[in-house]
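Novice: This structure is in C-alpha cells; I'll ask about it shortly.
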Amino acid sequence: MAGFLLFSILAVLSTVHAAPSCTCPCTCEEKAPSTQHQYTVQINEEGTIFNQVTDVDRENQIVVFHVPQHNIVTANQFMLDYNTGLAMTLFPDLNVCFLSHMPDDMLTIDKLEEGLSEMANPQARSTIIKRKKEETYERAAAQPVKDRSMLGDQMAQMCEKYPVYSTEVVPGASIEQDGGMKAP
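All letters in the sequence shown, in the order written, are residues -18 to -1, 1 to 166 by mature numbering (1 follows the signal peptide of the UniProt record, and there is no 0).
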C-alpha cells in the first residue's frame, strides 16, 4: 500500500500541471548546499491529511520520501538511487528493508523535483485526479541479501542496522481499478 501511495504521487508529479483547485499548502526548504532540497507536501488520502517530507539530493542523485503512518500505511522511508537504479523501503518499526529495482518509467530526478517544487508552492493549487489505479504485488526473498555491494553509500547507510530482502514483482498479479476524482 505504501508503494502504491508513493507511485501514485510520482504519477501525479509527472502531470502536476493539473487543474487549479486543491487545498495543498506545501513548503519547500533549501538545505545547505543548494544541491539538496527538502519539500513538505500536505496530502489528503481518503480523508486523512498528513505531511509527507521528501529530500532531494541532486549531487548524489538520491530522493528519499518520508512517509508517516496513516490509514493502513506503516511509517516508512522510500529511497530512490538514480545512480544504481535501485529503490529501498525502510520500515523502522518493523526493523526491515526491502530492495527493488526502480521502474523503467520512473520520472527523472529533474522531473520529480520540478513536480515537487510546483506542489510545494503555496500559490499554486492543484487537484490530484486519480483516473485509474494499478496495484502490483511484490514478493520478498526468503533470505536477506548477504552481498550489499550493489547498494550505493546512502542506501547502505540507511539500512545498515536492518536485514535487507530483495523483492520481485509477482507476474500476472496486478489489479486495475477505475476511479473518479475524489474531493479533498
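Don't be surprised by glycine CBs; every beta carbon is placed ideally from N, CA and C.
Pick out whichever of 91, 84, 69 and 75 has its Cα sitting closest to the Cα of residue 138.
Specialist: Residue mapping note: residue 138 aligns to position 156 of the sequence shown, counting from 1. Looking at the Cα atoms, 69 is the closest of the given residues.
Novice: Looking at the unbroken alpha helix (DSSP H) that takes in residue 138, where does it start and where does it end?
Specialist: Residue mapping note: residue 138 aligns to position 156 of the sequence shown, counting from 1. Per DSSP, residue 138 belongs to the alpha helix (DSSP H) from 135 to 140.
Novice: By how many angstroms is the C-alpha of residue 42 removed from the C-alpha of residue 17?
Specialist: Counting from one through the sequence shown, the residue named residue 17 turns up at place 35. Counting from one through the sequence shown, the residue named residue 42 turns up at place 60. Each residue's alpha carbon lies about 9 Å from the other.
Novice: What is the rounded straight-line gap between the Cα of residue 59 and the Cα of residue 104?
Specialist: Translated into positions along the sequence shown, residue 59 becomes position 77. Translated into positions along the sequence shown, residue 104 becomes position 122. Their backbone Cα atoms lie some 25 Å apart in a straight line.
Novice: Assign residue 34 to one of two classes, buried (16 or more other C-beta atoms within 10 Å of its C-beta) or exposed (fewer than that).
Specialist: The sequence position of residue 34 within the sequence shown is 52, counting from 1. Classification for residue 34: buried.
Novice: Is the region 60 to 67 in contact with the region 42 to 52, if contact means three or more CB pairs nearer than 8 Å?
Specialist: They touch, by the three-pair rule.
Novice: Roughly how many whole angstroms lie between the Cα atoms of residue 171 and residue 31?
Specialist: Beyond the ends of the chain as shown, which are -18 and 166, falls residue 171; an answer cannot be given.
Novice: Taking the alpha helix (DSSP H) that residue 102 falls in, what are its first and last residues?
Specialist: Taking the sequence shown and counting its residues from 1, the one referred to as residue 102 is at position 120. Where residue 102 is concerned, the enclosing alpha helix (DSSP H) stretches over 91 to 102.
Novice: Here's a check: name, in chain order, each residue in its chain whose Cβ is nearer than 7 Å to the Cβ of residue -18, leaving out the five neighbours to either side.
Specialist: The residue labelled residue -18 in the question sits at position 1 within the sequence shown. Residue confidence is low: residue -18 scores 45 on pLDDT, short of 50, so the model does not pin down where it sits. No coordinate-derived value is stated.
Novice: My understanding is that residue 72 touches residue 140, with C-beta atoms under 8 Å, so please give their C-beta distance in whole angstroms.
Specialist: Taking the first residue of the sequence shown as position 1, residue 72 is located at position 90. Taking the first residue of the sequence shown as position 1, residue 140 is located at position 158. Residue 72 to residue 140, Cβ: 6 Å. Contact.
Novice: Do you know how far the Cα of residue 125 is from the Cα of residue 89?
Specialist: By 1-based counting over the sequence shown, the position of residue 89 is 107. By 1-based counting over the sequence shown, the position of residue 125 is 143. If you take the alpha carbons of residue 89 and residue 125, they lie about 31 Å apart.
Novice: Where in the region 54 to 85 do unbroken runs of the beta strand (DSSP E), each at least 3 residues long, occur, reported from the N-terminal end onward?
Specialist: Listed in chain order, the complete beta strand (DSSP E) runs (minimum 3 residues) inside the region 54 to 85 are 58 to 63, 68 to 73 and 78 to 83.
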